[in-house]
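Colleague: One structure, as structure tokens, below. Some questions next.
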Amino acid sequence: MAEVRLENITKAFGHVTVIPDLSLTVPDKSFTVLVGPSGCGKSTLLRLIAGLEQPTHGTIRIGDADVTRDEPSKRGISMVFQSYALYPHMSVARNIDFGLRLTKMPAAEREARLAEAARVLALEEYLDRKPSELSGGQRQRVAIGRSIVRNPKVFLFDEPLSNLDAALRTQMRVELAELHQSIDSTMIYVTHDQVEAMTLADQIVVMNRGRIEQIGSPMDLYDTPASVFVAAFIGSPKMNLVSGRALGRPEIATIGIRPEDLEVAESGGLEATTRVVERLGSDTIAYVRVDEVGDLTVRLPGHMRLSGGERLRLHADPARQHHFDADGRRIERVTA
Amino acid sequence: MTDMTLPPDHRPALGERLRRAASNGRLSAALILLPPALILFTLFVILPLGESGVYAFYDWNGYGAPEDFVGLRNFEQMFGHSVFSVAVANTVKIVAVSLLVQMPLALLLALLIYRQTPTNAVFRLIFFVPYIMAEVAAGLIWSFVFDGNYGVTASIATSLGIEQFFVLADRELAFYAVMVVIVWKYFGFHMMIYIAALQGVPEDQIEAARIEGASRTQIVRHVQVPHIRPAIAVSAFFAIIGALQVFDVIIPLTNGGPSNQTQTIVTYLYEFGLTRLRIGFGSAVGVVLFVVAVLVAVFYQRIFMRKGTA
Chain A
4 MAEVRLENIT KAFGHVTVIP DLSLTVPDKS FTVLVGPSGC GKSTLLRLIA GLEQPTHGTI
64 RIGDADVTRD EPSKRGISMV FQSYALYPHM SVARNIDFGL RLTKMPAAER EARLAEAARV
124 LALEEYLDRK PSELSGGQRQ RVAIGRSIVR NPKVFLFDEP LSNLDAALRT QMRVELAELH
184 QSIDSTMIYV THDQVEAMTL ADQIVVMNRG RIEQIGSPMD LYDTPASVFV AAFIGSPKMN
244 LVSGRALGRP EIATIGIRPE DLEVAESGGL EATTRVVERL GSDTIAYVRV DEVGDLTVRL
304 PGHMRLSGGE RLRLHADPAR QHHFDADGRR IERVTA
Chain B
19 MTDMTLPPDH RPALGERLRR AASNGRLSAA LILLPPALIL FTLFVILPLG ESGVYAFYDW
79 NGYGAPEDFV GLRNFEQMFG HSVFSVAVAN TVKIVAVSLL VQMPLALLLA LLIYRQTPTN
139 AVFRLIFFVP YIMAEVAAGL IWSFVFDGNY GVTASIATSL GIEQFFVLAD RELAFYAVMV
199 VIVWKYFGFH MMIYIAALQG VPEDQIEAAR IEGASRTQIV RHVQVPHIRP AIAVSAFFAI
259 IGALQVFDVI IPLTNGGPSN QTQTIVTYLY EFGLTRLRIG FGSAVGVVLF VVAVLVAVFY
319 QRIFMRKGTA
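Top to bottom, those sequences are chains A and B. Here the first sequence is numbered in this note's numbering, starting from 4 and rising by one per residue. Here the second sequence is numbered in this note's numbering, starting from 19 and rising by one per residue.
As structure tokens, then:
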């Protein structure tokens with residue numbers, strides 16, 4: 004069992020507290036994604052779990068063991084870095100089995116593990132190459148291979164796809180999801196990309212300024228964001244956030260409407276002027292301006308015949324709206 | 019009318035290339051910037067070297083024109099002279115100590131203080147002070163340290179209750195003392211090269227090795243040293259060339275003594291060439307030293323500093 008539990012973790016660098024009193028449970032065999040904007044403390048949290056940083060206060064447990072003061076190598080974890088952290092002077096094979104050689108594992112077992120990792124990651128034909136002779140995606144796979152061969156209890160990923168181009172990122176995302184299904188291990192993944200979070204995670208932890216804003220499944224976060232921050236962070240294009248006063252609901256500080264929850268109406272609703280129209284093929288994204296309300300984003304299905312400067316009326320289903328109070332917290336609507 | 023289109027790989031004629039160079043300013047830049055360097059290099063390097071090569075075949079005291087052509091006699095005398103053998107052996111020993119003691123010491127200290135902290139900055143400065151000190155001053159300071167009457171060695175002898183000893187006057191010990199001073203004087207230079215290189219080693223590779231269970235020594239061996247191999251190659255090159263040229267630390271320390279036991283090739287040149295007004299003989303020593311230095315430089319660069327190796 005490799006549940007990861009962080010209990011009342013605080014991390015300060017000098018006088019700057021990066022993580023103030025955070026508790027989190029990462030379930031065994033889950034794919035948990037820590038997501039948040041740059042500087043929110045998600046990478047620090049990952050490094051605390053890895054043992055590369057020591058918490059100022061609090062306890063870290065992996066399985067049943069308190070690993071707070073343990074060396075990284077004693078925690079049963081492995082980590083894939085954003086830069087891959089491959090050793091440039093070693094071949095792919097040496098990069099992958101470097102840790103096994105350090106433990107003086109018998110050669111037969113070491114070679115078997117190397118061969119299995121190479122097979123899973125389709126690296127067999129590159130084992131003799133140096134990292135500089137590989138593409139970005141292949142390097143990423145080597146870094147993952149290095150993690151796999153150690154059979155860790157917990158895999159840690161620190162923004163592993165951010166150095167890849169868009170197409171490769173999509174491909175690697177699928178490969179990571181398949182990897183998780185095949186090795187069935189606990190994975191903790193840090194990213195600032197909410198698309199990665201939504202597509203990969205069983206559980207998403209949204210972080211802001213060292214605190215957890217919300218924990219939940221991707222669809223929980225999407226359908227019932229607990230705060231304005233989560234509402235704005237999860238979903239692409241971003242949720243429209245307008246003041247309740249502008250929509251005639253002064254008792255609500257902020258009303259959130261997902262772009263796909265706005266519909267073009269024949270009459271009534273909000274009168275808007277299109278500014279820019281983006282056609283994505285499956286969808287049409289219209290950026291519109293509504294007098295007294297502000298700029299909104301609308302996602303319309305299929306090819307809509309719209310152009311810049313065009314007037315249209317928009318209708319937002321009240322049942323699909325999200326309400327937030329003045330502190331930015333979600334207001335749960337009372338249903339009859 | 020003929021077709022004037024050139025094939026893609028056609029190299030323009032010299033006249034065309036000159037015309038292009040003149041029009042884009044490269045020719046005028048070369049004509050303005052090249053002569054000063056070329057003239058200075060010719061006057062102060064090429065000509066003296068050439069003249070030295072000529073004087074090596076004369077018995078000449080430095081006054082008037084060299085007239086007494088002696089062929090290879092200077093070289094024969096030099097290679098037959100026991101002190102020259104001592105000087106060569108000592109130079110080889112200095113090369114060995116530079117490579118086997120000074121460089122590992124510099125690397126060890128660099129590994130201890132390469133991270134950027136205020137304390138490390140202080141230590142870096144302390145360790146670098148010997149290098150920025152004038153060689154003659156360093157030699158004089160250490161001659162006081164080794165002074166058997168009033169120096170540190172005298173204090174040690176007194177505190178241990180043993181007879182005072184004179185390190186620099188001892189045929190067996192003097193050269194060890196010289197080597198101590200050379201290591202002390204130059205390790206800071208190599209340490210700085212390593213510090214700069216170590217700061218360029220990506221931190222996440224070190225962290226990845228930590229996660230994989232590498233000890234501090236294993237990280238140094240498997241991650242850091244391979245990364246700074248080019249810097250080590252350059253540092254070793256400087257160490258070898260520097261060792262071949264050791265001179266001004268030795269003069270205030272021992273002046274090559276006792277009984278010529280601490281001569282190096284350059285002090286030998288100075289002692290038996292210049293101070294005895296045997297410029298021709300000194301030139302012959304200089305020619306040999308120059309040839310050795312060039313051979314070392316060429317072969318070292320070919321073997322250890324090729325692209326991909328260093």
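Even glycine gets a Cβ: it sits at the ideal position worked out from N, Cα and C.
So what's Q324/A in DSSP terms, helix, strand or just coil?
Modeller: For the purposes of this step, residue 324/A is identified with residue 321 of the first sequence, where counting begins at 1. Here Q324/A sits in coil by DSSP.
Colleague: Kindly indicate if chain A contains any beta-carbon less than 8 angstroms away from that of G326/B.
Modeller: Numbered from 1 along the second sequence, position 308 holds the residue referred to as residue 326/B. Interpretation of G326/B is limited by its pLDDT of 49, a score under 50 that renders its predicted location unreliable; the figure taken from the coordinates is listed afterwards. Chain A contact via Cβ: absent.
Colleague: List the whole-angstrom C-beta distance separating V301/A from P262/A, where the pair is believed to meet the contact cut-off of C-beta under 8 angstroms.
Modeller: Within the first sequence, the letter at position 298 stands for residue 301/A. Within the first sequence, the letter at position 259 stands for residue 262/A. Contact flag correct, Cβ pair sits at about 6 angstroms.
Colleague: Quick check on G219/A: does DSSP put it in helix, strand or coil?
Modeller: Start at 1 with the first residue of the first sequence, and residue 219/A comes out as number 216. Correct three-state label for G219/A: strand.
Colleague: Which residues does DSSP list as the beta-bridge partners of G259/A?
Modeller: Reading the first sequence from its first residue, position 256 is the one you call residue 259/A. Per DSSP, L244/A and H325/A.
Colleague: Would a C-beta distance cut-off of 8 angstroms place S150/A and V209/A closer than the cut-off?
Modeller: Here residue 150/A corresponds to residue number 147 of the first sequence, with the count starting at 1. Here residue 209/A corresponds to residue number 206 of the first sequence, with the count starting at 1. No, Cβ-Cβ distance for S150/A and V209/A is not below 8 angstroms.
Colleague: Nearest chain B C-beta to E106/A closer than 8 angstroms, yes or no?
Modeller: Taking the first sequence and counting its residues from 1, one reaches residue 106/A at position 103. First, the residue type needs correcting, since residue 106/A is Thr and not Glu in the sequence shown. True, the Cβ-Cβ gap to chain B drops below 8 angstroms.
Colleague: Considering Cα atoms alone, identify which of V199/B, K203/B, Y204/B and V241/B is closest to Q217/B.
Modeller: By one-based count along the second sequence, residue 217/B stands at place 199. The candidate whose alpha carbon is nearest that of Q217/B is V241/B.
Colleague: Got a sec: which bits of the region 196 to 230 of chain B sit with their beta carbon under 7 angstroms from any beta carbon on chain A, in order along the chain?
Modeller: P220, D222, Q223, E225, A226, R228, I229 and E230
Colleague: By a C-beta neighbour count over all protein chains shown, 10 Å radius and 16 as the cutoff for buried, is Y168/B buried or exposed?
Modeller: On the second sequence, position 150 is the one that residue 168/B refers to. It is exposed - the Cβ of Y168/B has fewer than 16 other Cβ atoms within 10 Å.
Colleague: Counting only beta-carbon atoms, is Y290/A nearer than 8 angstroms to chain B?
Modeller: As a position in the first sequence, residue 290/A is number 287, starting the count at 1. Y290/A does not count as touching chain B.
Colleague: Between the Cα of L244/A and the Cα atoms of L117/A, F327/A, D69/A and A121/A, which residue gives the shortest distance?
Modeller: Counting from one through the first sequence, the residue named residue 244/A turns up at place 241. Nearest C-alpha to L244/A: F327/A.
Colleague: Shorter than 8 angstroms from the beta carbon of P244/B to some beta carbon of chain A?
Modeller: Working through the second sequence from its first residue, we reach residue 244/B at position 226. It does: the Cβ of P244/B has a partner Cβ on chain A nearer than 8 angstroms.
Colleague: Name the chain A residues whose beta carbon is nearer than 7 angstroms to that of V241/B?
Modeller: Working through the second sequence from its first residue, we reach residue 241/B at position 223. Correct list: Y90.
Colleague: Could you tell me which chain B residues have their CB closer than 7 angstroms to the CB of A376/A, listed as they occur along the chain?
Modeller: This structure does not reach residue 376/A, given that chain A is present from 4 up to 339, and the question cannot be answered.
Colleague: Taking D131/A as the reference, which of T62/A, A268/A and H92/A has the closest Cα?
Modeller: As a working mapping, residue 131/A is identified with position 128 in the first sequence. Ranking the options by Cα distance to D131/A, first place goes to H92/A.
Colleague: Applying a beta-carbon distance threshold of less than 7 angstroms, which residues of chain B neighbour F84/A?
Modeller: Counting from 1 along the first sequence, the entry for residue 84/A is found at position 81. Neighbours of F84/A on chain B, chain order: D222 and A226.
Colleague: What residues in the region 98 to 131 of chain A have a beta carbon less than 7 angstroms from any beta carbon of chain B?
Modeller: Answer in chain order: F101, G102, L105 and T106.
Colleague: With the cut-off set at 8 angstroms, would you say S46/A and V193/A are in Cβ contact?
Modeller: The residue given as residue 46/A occupies position 43 in the first sequence. The residue given as residue 193/A occupies position 190 in the first sequence. Cβ atoms of S46/A and V193/A: closer than 8 angstroms.
Colleague: For T232/B, return the contacting residues in chain A, with the cut-off set at a CB-CB distance below 7 angstroms.
Modeller: Along the second sequence, read from residue 1 onward, the residue named residue 232/B stands at position 214. Residue 232/B is actually Ala in this sequence, not Thr. Within chain A, the residues near A232/B are L105.
Colleague: In angstroms, rounded to a whole number, what distance separates the CA positions of D266/B and G98/B?
Modeller: The sequence position of residue 266/B within the second sequence is 248, counting from 1. The sequence position of residue 98/B within the second sequence is 80, counting from 1. About 25 angstroms.
Colleague: Cα-Cα, which of H18/A, A53/A and S41/A is closest to R8/A?
Modeller: Translated into positions along the first sequence, residue 8/A becomes position 5. Nearest of H18/A, A53/A and S41/A to R8/A, Cα basis: A53/A.
Colleague: Around the Cβ of A55/B, are there at least 16 other Cβ atoms within 10 angstroms (buried) or fewer (exposed)?
Modeller: Within the second sequence, numbered from 1, the residue matching residue 55/B stands at position 37. Result: exposed.
Colleague: At 4 residues or longer, what runs of the alpha helix (DSSP H) sit wholly inside the region 112 to 183 of chain B?
Modeller: 121 to 131, 136 to 150, 153 to 163 and 170 to 178
Colleague: So N79/B is in the beta strand (DSSP E); what residue range does that whole segment cover?
Modeller: On the second sequence, position 61 is the one that residue 79/B refers to. First-last for N79/B: undefined, no H or E at that position.
Colleague: What is the C-beta distance between K241/A and A235/A, in whole angstroms, given that I count them as a contact (C-beta under 8 angstroms)?
Modeller: Stepping through the first sequence from its first residue, residue 241/A is reached at position 238. Stepping through the first sequence from its first residue, residue 235/A is reached at position 232. About 6 angstroms; that satisfies the 8 angstroms criterion.
Colleague: Along chain A, in chain order, which residues have C-beta atoms closer than 8 angstroms to that of Q95/B?
Modeller: The count along the second sequence starts at 1 and reaches residue 95/B at position 77. For a Cβ distance threshold of 8 angstroms, nothing in chain A lies close to Q95/B: the least Cβ distance comes to about 50 angstroms.
Colleague: Measure the C-alpha to C-alpha separation of N79/B and A311/B and round it to an integer number of angstroms.
Modeller: In the second sequence, residue 79/B corresponds to position 61, counting from 1. In the second sequence, residue 311/B corresponds to position 293, counting from 1. If you take the alpha carbons of N79/B and A311/B, they lie about 26 angstroms apart.
Colleague: So which of R316/A, D31/A, S270/A and V177/A has the shortest CA-CA distance to L124/A?
Modeller: Looking up residue 124/A in the first sequence gives position 121. If we check each option's Cα against that of L124/A, V177/A comes out closest.
Colleague: Classify P58/A: buried if its beta carbon has 16 or more other beta carbons within 10 angstroms, exposed otherwise.
Modeller: On the first sequence, residue 58/A is found 55 positions in, with the first residue counted as 1. Buried, since its Cβ has 16 or more Cβ neighbours within 10 Å.
Colleague: Under a three-way DSSP split, which group does T59/A fall into?
Modeller: On the first sequence, residue 59/A is found 56 positions in, with the first residue counted as 1. T59/A carries a coil assignment under DSSP once its states are collapsed to helix, strand and coil.
Colleague: Report the residues of the region 240 to 266 of chain A with a CB closer than 9 angstroms to any CB of chain B, ordered along the chain.
Modeller: none
Colleague: Compare the beta carbon distance of F256/B and Y318/B with 8 angstroms and say whether it is the shorter of the two.
Modeller: As a working mapping, residue 256/B is identified with position 238 in the second sequence. As a working mapping, residue 318/B is identified with position 300 in the second sequence. Taking 8 angstroms as the Cβ cut-off, F256/B and Y318/B do not qualify as a contacting pair.
Colleague: What's the gap between the Cα of F299/B and the Cα of E69/B?
Modeller: What you label residue 299/B is simply residue 281 of the second sequence in a count that begins at 1. What you label residue 69/B is simply residue 51 of the second sequence in a count that begins at 1. Taking the straight line joining both Cα atoms gives about 13 angstroms.
Colleague: What residues of chain B sit near S76/A, judged by a beta carbon separation below 7 angstroms?
Modeller: By 1-based counting over the first sequence, the position of residue 76/A is 73. Result: R228, I229, E230 and G231.
Colleague: Measuring only between beta-carbons, confirm whether I80/A sits less than 8 angstroms from chain B.
Modeller: On the first sequence, position 77 is the one that residue 80/A refers to. Yes - at least one Cβ of chain B is within 8 angstroms of the one on I80/A.
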